[in-house]
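Written out below as structure tokens is the structure these notes cover.
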Amino acid sequence: MGRDKKYHREELLGRALQLFWQRGYNATSTAELVEELGVNRKTMYSEFGSKEALFTAVLDHYNQSILGHILAPIEAEDASIEGIKELFLNLAVIIEKNPNGPGCLMCQAASERAAVDCDIAPYIDRYFERIEEGFRHALQNAQADRHLNSPMDVSRTAAFLTTCFIGAVTGIRAGAPSGQIRSTYETIRLLLDSNAGKLDL
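Here the sequence shown stands for residues 5 to 205, where the numbers follow this note's numbering.
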């Protein structure tokens, strides 16, 4: 029974994630959630407690599933410079294939809810920390393997790449031309290929 309940909860979170991702928190009504989840209101509240609690559960689910897939190139044990380039190339390809996509749920939550709901702040913080740590991990591996042409400040470079990443995924939902994301990838690729040390800001 415990395993069945866990599976049921994961399925509900997946459905709620898609709805919040497409519409945003404020534009998603409880009635729409009930319809999308395929359960009655009592069951939804029994499982999650409230719309707000469901949303934070969705953010946690997003961080564990969707974000893990996106960051895989820089979170792999042997991640290096190629992983960083792969991540930004993947973003460019995603927006070229789906220019009207929903973008990043966490960035959307940060802009829509962070100022009015302190409960989501830890999820947003962990999101940014995880991305920066991924870049730091890949850069440290590159340094250790002598794949960089000159010394660099890994922490500052990881912060710079995180800013590029956030700008790219935010731009997707904002309707930025796909060429902008592709240009971000090309610029980072050229910097890394020519002289990674130039990223030492």
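Quick reminder that beta carbons are idealized off the backbone N, C-alpha and C, glycines included.
Since this is a predicted model, take the numbers as computed values, not measurements.
Euclidean distance between Cα positions of residue i and residue j
i           : j           : result
residue 56  : residue 79  : 30 angstroms
residue 62  : residue 21  : 6 angstroms
residue 157 : residue 136 : 13 angstroms
residue 150 : residue 14  : 42 angstroms
residue 125 : residue 94  : 27 angstroms
residue 67  : residue 130 : 9 angstroms
residue 195 : residue 147 : 15 angstroms
residue 183 : residue 92  : 13 angstroms
residue 59  : residue 160 : 32 angstroms
residue 117 : residue 171 : 19 angstroms
residue 34  : residue 114 : 21 angstroms
residue 31  : residue 37  : 11 angstroms
residue 28  : residue 190 : 31 angstroms
residue 192 : residue 152 : 14 angstroms
residue 177 : residue 98  : 12 angstroms
Coarse secondary structure for residue i, derived from DSSP in three states
i           : result
residue 198 : helix
residue 51  : helix
residue 203 : Legend: pLDDT at residue 203 = 46, less than 50; position of this residue unreliable, no value from coordinates given.
residue 37  : helix
residue 108 : coil
residue 97  : helix
residue 158 : helix
residue 180 : coil
residue 77  : helix
residue 18  : helix
residue 44  : coil
residue 151 : coil
residue 28  : coil
residue 193 : helix
Boundaries of the alpha helix (DSSP H) in which residue i is found, first to last residue
i           : result
residue 32  : Where residue 32 is concerned, there is no enclosing alpha helix (DSSP H), given that its DSSP letter is neither H nor E.
residue 83  : It is not in any alpha helix (DSSP H) - residue 83 carries neither H nor E in the DSSP assignment.
residue 124 : Premise fails: residue 124 is in no alpha helix (DSSP H) and is neither H nor E.
Can you confirm whether the stretch 15-30 touches the stretch 102-112 when touching is taken to mean that 3 or more C-beta pairs between the two stretches lie within less than 8 angstroms? Result yes; three or more Cβ-Cβ pairs closer than 8 angstroms.
Is there contact here, the stretch 73-90 with the stretch 43-57, by at least three beta-carbon pairs under 8 angstroms? The stretch 73-90 makes no contact with the stretch 43-57, as fewer than three CB pairs between them are under 8 angstroms.
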